[in-house]
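Here's the structure we're looking at; comments come further down.
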Amino acid sequence: MGNYLVAMEAAWLVRDVEEIDDAIGVAVSEAGKRLNSEDMDYVEVEVGATGCPACGEPFDSAFIAADTALVGLALEMEVYNADSEEHASRIAKSEVGGALRDVPLSVVDIIETEEED
1 MGNYLVAMEA
11 AWLVRDVEEI
21 DDAIGVAVSE
31 AGKRLNSEDM
41 DYVEVEVGAT
51 GCPACGEPFD
61 SAFIAADTAL
71 VGLALEMEVY
81 NADSEEHASR
91 IAKSEVGGAL
101 RDVPLSVVDI
111 IETEEED
């Protein structure tokens, strides 16, 4: 049994917004509220990063068209006593996916962590 840090990304839709910063704030706030209402305050939520196709420099993962934004959120959670990376991935997606219903979610990275004493 091992402990894993599971990083996921979610695609969050924000309607009736004109500024990128407003869209990011609304997306992070709404995701945090939904997770906290399920007592999942152990899930870290922040805006994701997308690499610039020209220079490779990361920038906030958000896009606005027709007053509707698509914000990429980065989510992280620790999974304890999982049998494997695949098992940790399934646990994380099940936990977070249950709280964030109807939000596209995918696992982007899994890191095995040291056991704490």
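For the record, in the sequence shown the residue sitting at position 3 is 3 according to the UniProt record's numbering, with numbers rising by one throughout. Ideal Cβ placement from N, Cα and C applies to all residues, glycine included. These figures come from a predicted structure and were not determined experimentally.
Under the three-state reduction of DSSP, which class applies to residue i: helix, strand or coil?
{"i": "alanine 62", "result": "strand"}
{"i": "valine 71", "result": "strand"}
{"i": "arginine 34", "result": "helix"}
{"i": "arginine 101", "result": "coil"}
Which word fits residue i, buried or exposed, when buried means at least 16 other C-beta atoms lie within 10 angstroms of its C-beta?
{"i": "glutamate 4", "result": "According to the sequence as given, residue 4 is tyrosine; it is not glutamate. By the 10 Å Cβ count, tyrosine 4 comes out buried."}
{"i": "methionine 8", "result": "buried"}
{"i": "isoleucine 111", "result": "exposed"}
{"i": "alanine 23", "result": "buried"}
{"i": "alanine 49", "result": "exposed"}
{"i": "methionine 77", "result": "buried"}
{"i": "serine 94", "result": "exposed"}
{"i": "serine 89", "result": "buried"}
{"i": "glutamate 31", "result": "Per the sequence shown, residue 31 should be read as alanine rather than glutamate. Buried is the call here."}
Using 8 Å as the limit for Cβ to Cβ distance, is residue i near chain B?
{"i": "lysine 33", "result": "Of the protein chains in this structure there is only one, and it is not chain B."}
When the Cα of residue i is compared with those of the options, which residue comes out closest?
{"i": "tyrosine 80", "options": "Ile91, Gly32 and Ala10", "result": "Ile91"}
{"i": "residue 165", "options": "Val108, Glu112, Ser84 and Glu85", "result": "With the chain covering 1 to 117 only, the question about residue 165 has no answer from this structure."}
{"i": "serine 106", "options": "Ala66, Ala27, Glu86 and Gly25", "result": "Glu86"}
{"i": "leucine 13", "options": "Arg101, Glu115 and Glu114", "result": "Arg101"}
To which residues does DSSP link residue i through a beta bridge?
{"i": "serine 106", "result": "Glu9"}
{"i": "tyrosine 4", "result": "Val79 and Glu112"}
{"i": "glycine 51", "result": "Pro58"}
{"i": "glutamate 44", "result": "Glu76"}
{"i": "arginine 15", "result": "Thr68"}
Return the CA-CA distance between residue i and residue j, expressed in angstroms with no decimal places.
{"i": "aspartate 39", "j": "phenylalanine 59", "result": "30 Å"}
{"i": "valine 96", "j": "alanine 62", "result": "21 Å"}
{"i": "arginine 15", "j": "aspartate 21", "result": "13 Å"}
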